[in-house]
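Asker:
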Amino acid sequence: MTTLDELLRLDGRLTMVHIERWVARGLLRPSGPAEHWTFEQIDVARAHLLTELADDIGLDDDTLEAVVGLIDQVHTLRAQLGLLGQAIAEQPTETRESIAVTLKRLHGR
Numbered sequence: 002m003t004t005l006d007e008l009l010r011l012d013g014r015l016t017m018v019h020i021e022r023w024v025a026r027g028l029l030r031p032s033g034p035a036e037h038w039t040f041e042q043i044d045v046a047r048a049h050l051l052t053e054l055a056d057d058i059g060l061d062d063d064t065l066e067a068v069v070g071l072i073d074q075v076h077t078l079r080a081q082l083g084l085l086g087q088a089i090a091e092q093p094t095e096t097r098e099s100i101a102v103t104l105k106r107l108h109g110r
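So the sequence shown is numbered by this note's numbering: it starts at 2 and just counts up by one.
(1) Cβ of T94 within 8 Å of Cβ of T39?
(2) Please classify A46 as buried or exposed, where buried requires at least 16 other C-beta atoms within 10 Å of its C-beta.
(3) In this structure, how does DSSP classify T16 when only helix, strand and coil are distinguished?
(4) Taking its Cβ as the centre, do 16 or more other Cβ atoms sit within 10 Å of H19, making it buried, or is it exposed?
(5) If we ignore side chains and look at the alpha-carbon of each, how far apart do H49 and G59 end up?
(6) Exposed or buried, which one is P31 when buried takes at least 16 other CB atoms within 10 Å?
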């Protein structure tokens with residue numbers, strides 16, 4: 002867990018204004034009461050990304066929400082595809098081969 006002070010020290014461009022605004026919009030999800038917020042590693046990475054998108058690229062908060070939403074969807078889809086791949090890998094050889102043939106056929110359409 003990373004404290005609020007540690008988070009602010011990690012990136013000199015990150016400010017309390019940023020953090021409070023992004024927490025209010027649900028883009029960061031700290032634990033604990035506001036005066037003792039702690040952040041999971043995912044929120045630390047997200048804070049850095051939000052800072053880059055806002056300060057370097059100039060995205061406004063509405064656009065940040067849309068971009069982060071899309072990034073979250075991509076991560077969710079990757080995880081689901083990984084599980085699907087595992088499930089297929091655990092199937093009998095005949096089933097895996099049948100799936101491979103069907104995928105090739107569908108890809109050729």
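Glycine residues also receive a C-beta, built at the ideal position from the N, C-alpha and C atoms.
Nothing here was measured: the structure is a model prediction, and the numbers come from that model.
Answerer: With the structure as the only source:
(1) Taking the first residue of the sequence shown as position 1, residue 94 is located at position 93. Taking the first residue of the sequence shown as position 1, residue 39 is located at position 38. No.
(2) For this step, residue 46 is matched to residue 45 along the sequence shown. Burial call: exposed.
(3) The residue you call residue 16 lines up with position 15 of the sequence shown. Coil at T16, not helix or strand.
(4) Translated into positions along the sequence shown, residue 19 becomes position 18. Flag for H19 reads buried.
(5) Within the sequence shown, numbered from 1, the residue matching residue 49 stands at position 48. Within the sequence shown, numbered from 1, the residue matching residue 59 stands at position 58. In a straight line, the C-alpha of H49 is about 14 Å away from that of G59.
(6) In the sequence shown, counting from the first residue as 1, residue 31 sits at position 30. P31 is buried by the Cβ-count criterion.
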